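Number of protein chains: 2
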Amino acid sequence: MTMTYEEFKEKVSSVILTEQGNCPVMPVVQMLQGKWKLQILYELFIQSPMRFGDLKRMLQPITNTALTNALKELEKNELVRRVQYNEMPLRVEYSLTQKGQDLLPVFYAILQWGMKYIP
Amino acid sequence: MTMTYEEFKEKVSSVILTEQGNCPVMPVVQMLQGKWKLQILYELFIQSPMRFGDLKRMLQPITNTALTNALKELEKNELVRRVQYNEMPLRVEYSLTQKGQDLLPVFYAILQWGMKYIP
Chain C
43 MTMTYEEFKE KVSSVILTEQ GNCPVMPVVQ MLQGKWKLQI LYELFIQSPM
93 RFGDLKRMLQ PITNTALTNA LKELEKNELV RRVQYNEMPL RVEYSLTQKG
143 QDLLPVFYAI LQWGMKYIP
Chain E
43 MTMTYEEFKE KVSSVILTEQ GNCPVMPVVQ MLQGKWKLQI LYELFIQSPM
93 RFGDLKRMLQ PITNTALTNA LKELEKNELV RRVQYNEMPL RVEYSLTQKG
143 QDLLPVFYAI LQWGMKYIP
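Okay, structure coming up:
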């Protein structure tokens, strides 16, 4: 990133409301709250689609309930798409929606920070 | 952001480890977990330094305990600096460290997303 902190800060302060007058940051921050949601999105960036069992393996020691709940919230927020194939045995796959894919710059910014500060 | 999803994805996949072979994303995601931490950092981006009472007012209905604990973790991760002035009454101020300020691009990316998707 080539902008300075001051330039960024100015930018953040000058575009602080959406068209309907809402804060464009806090609702997103709140939407991403929860122990597993960012981690699930990140796994789906790396590999998509993934099945429930794949996600569970990547995110252990997550419980079935915690994973189910987090996925439901991500679906409700239209970040993750759930597709059920009516085969036997039942196959369910999860992938990112366009809205979810558009969070990639957020992860990219996190990655930049991590490359600087994580040993 | 002008990069496409595919370009981003390639970038994310190609620089996936730090020098010591750690993931540069997951530790950061885990560090930012917790109901209030991102929100506290965001308030300190907007205005800094802030006193405990200021933060509490901005983040209501946060409890004293929740705010104290979140601030302690942010201090431990060296994202927030706590300065105590030995006046009467005691004055304590919180501000971002350089490491904390360097998270601004993350918030900027969140803001860009919010401007697109929050009504």
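Line by line, the protein sequences are chains C and E. Our numbering applies: residue 43 is where the first sequence begins, and numbers increase by one. Our numbering applies: residue 43 is where the second sequence begins, and numbers increase by one. We put the beta carbon where it would ideally sit given N, CA and C, even for glycine. All of these numbers come straight from a predicted model, not from anything done at the bench.
For chain C, is any of its Cβ atoms less than 9 Å away from the one on residue i?
| i | result |
| --- | --- |
| Leu-116/E | no |
| Tyr-136/E | no |
| Ala-151/E | yes |
| Gln-102/E | no |
| Glu-129/E | no |
Could you pull out every residue in the same chain whose Cβ sits closer than 8 Å to the Cβ of residue i, ignoring the five residues on either side in sequence?
| i | result |
| --- | --- |
| Leu-59/E | Cys-65 and Pro-66 |
| Thr-139/C | Glu-120, Leu-121, Val-122 and Arg-123 |
| Glu-117/C | Arg-123 and Arg-124 |
| Ser-90/E | Tyr-136, Ser-137 and Leu-138 |
Is residue i buried or exposed, if buried means 16 or more other CB atoms sit within 10 Å of its CB?
| i | result |
| --- | --- |
| Lys-79/C | buried |
| Pro-131/E | exposed |
| Pro-147/E | buried |
Let me check understanding here. Comparing Cα to Cα, which of the options lies closest to residue i?
| i | options | result |
| --- | --- | --- |
| Phe-94/C | Val-125/C, Val-71/C, Leu-74/C and Met-73/C | Val-125/C |
| Glu-162/C | Asn-111/E, Leu-86/E and Tyr-150/E | A query on residue 162/C cannot be resolved here, the shown segment of chain C reaching from 43 to 161 and no further. |
| Glu-115/C | Gly-142/C, Met-92/C and Pro-91/C | Gly-142/C |
| Thr-107/C | Pro-147/C, Lys-77/C and Pro-91/C | Lys-77/C |
| Thr-110/C | Ile-82/C, Asp-144/C, Tyr-159/C and Pro-147/C | Ile-82/C |
Excluding the 5 residues flanking residue i on each side, which residues of the same chain have their C-beta closer than 6 Å to its C-beta?
| i | result |
| --- | --- |
| Met-43/C | The predicted model places Met-43/C with a pLDDT of 46, which falls under 50 and marks its position as unreliable, so this point remains unresolved. |
| Phe-127/E | It should be noted that the sequence gives Tyr, not Phe, for residue 127/E. Closer than 6 Å at Cβ, skipping near neighbours: Arg-133. |
Is any beta-carbon of chain E found at less than 9 Å from that of residue i?
| i | result |
| --- | --- |
| Pro-147/C | yes |
| Val-122/C | no |
| Thr-110/C | no |
In chain order, what residues of the same chain lie with their CB nearer than 7 Å to the CB of residue i, ignoring the 5 residues before and after it?
| i | result |
| --- | --- |
| Leu-74/E | Leu-80 |
Pairing CB atoms from the stretch 91-109 of chain C with CB atoms from the stretch 141-156 of chain C, are three or more of them under 8 Å? no
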